[in-house]
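Asks: Have a look at this one before I ask anything.
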Amino acid sequence: MNSYGALVLSNGLYNNKRLNKLNLNDNSISDQGVYYLARVLLINNSTLTELHLPRNEIASTGAQYLAEMLNTNRTLTTLSLYGNKIDNHGIKYLTHVLTYYNTTLEHLYLSGNNLMTDLSIGYFIDMLLKNRSLKKLHLCNCNLSEKGKTKLREVIRTKRNIRLNI
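Residue numbers (the numbering used here): 45 to 210.
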């Protein structure tokens, strides 16, 4: 599937009343395809709780589209974005919305986004300190230093309700 396939799929999701989980692993939907999916989930979707988009060539622009959707979507509890091309700018968009606006996302999988560096550590720390819904955060195989990982582990020690995999 490519971005056009994501457009066709998103048109089908517009009136979705039954689908709870959508798994689009290993496609090439890219940022444009994420735009189509995020618009549908922003406007009208009351049943989808899990969105899995691993290895889809999603970069910062796609992360921004997903962050805009998460700003208002109150049904999504799991977002899987591992193995994409999300960098520090994309992480900034996602963590900002999870810090201040979204109260329903429980599981965020970002492992394998190796364009992410220690510049994102501060964003994650702020999110971890303020977010009340997140239960799992996966950051394995990202380009984070041991020092950055240690900072995240220290924050997690103060919050018993979240599991961090780095």
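By construction, the Cβ of each residue, glycine as well, lies at the ideal position given by its N, Cα and C atoms. All values reported here derive from a predicted model rather than from experimental measurement.
If N209 and C186 are in contact, beta carbons under 8 Å, what's the gap, nearest whole angstrom?
Replies: Not quite, the Cβ-Cβ distance comes to about 11 Å (not below 8 Å), so this is no contact.
Asks: Assuming T148 and L120 form a contact by the criterion Cβ under 8 Å, report the distance between their Cβ atoms to the nearest whole angstrom.
Replies: 7 Å
Asks: So N55 and S74 are supposed to be a Cβ contact under 8 Å. How far apart are they, rounded?
Replies: With a contact defined as Cβ atoms closer than 8 Å, N55 and S74 miss out at about 18 Å.
Asks: Pull up the distance between the alpha-carbon of L68 and that of L57, whole angstroms please.
Replies: 14 Å
Asks: Leaving out five residues before and five after E112 in sequence, what residues of the same chain have Cβ atoms less than 7 Å from its Cβ?
Replies: A82 and L86
Asks: Do you know how far the Cα of R207 is from the Cα of N64?
Replies: 24 Å
Asks: With a CB to CB cut of under 6 Å and the five nearest residues on each side skipped, what residues in its chain are close to E190?
Replies: none
Asks: Is the Cβ-Cβ distance between I130 and M171 less than 8 Å?
Replies: In this structure, I130 keeps its C-beta atom at 8 Å or more from the C-beta atom of M171.
Asks: To the nearest angstrom, how far is the alpha carbon of D70 from that of S124?
Replies: 12 Å
Asks: Which same chain residues end up closer than 7 Å to L178 when comparing Cβ atoms and leaving out the 5 residues on each side of it in sequence?
Replies: L142, L149, E150, L152 and I206
Asks: What are the residues that DSSP puts in a beta bridge with L172?
Replies: Beta-bridge pairing links L172 to no other residue.
Asks: I need the boundaries of the alpha helix (DSSP H) containing R197, first residue and last residue.
Replies: E190 to T202
Asks: Taking 6 Å as the limit between beta carbons, can you name the residues of its chain near N115, skipping five residues before and five after?
Replies: Hits under 6 Å: V141 and Y145.
Asks: Where does the unbroken alpha helix (DSSP H) through E112 begin, and where does it stop?
Replies: S104 to T116
Asks: I need the DSSP call for T122, collapsed to helix, strand or coil.
Replies: strand
Asks: Roughly how many angstroms lie between the CA atoms of N184 and Y80, to the nearest whole one?
Replies: Residue 184 is actually Cys in this sequence, not Asn. Whole-angstrom Cα-Cα distance: 28 Å.
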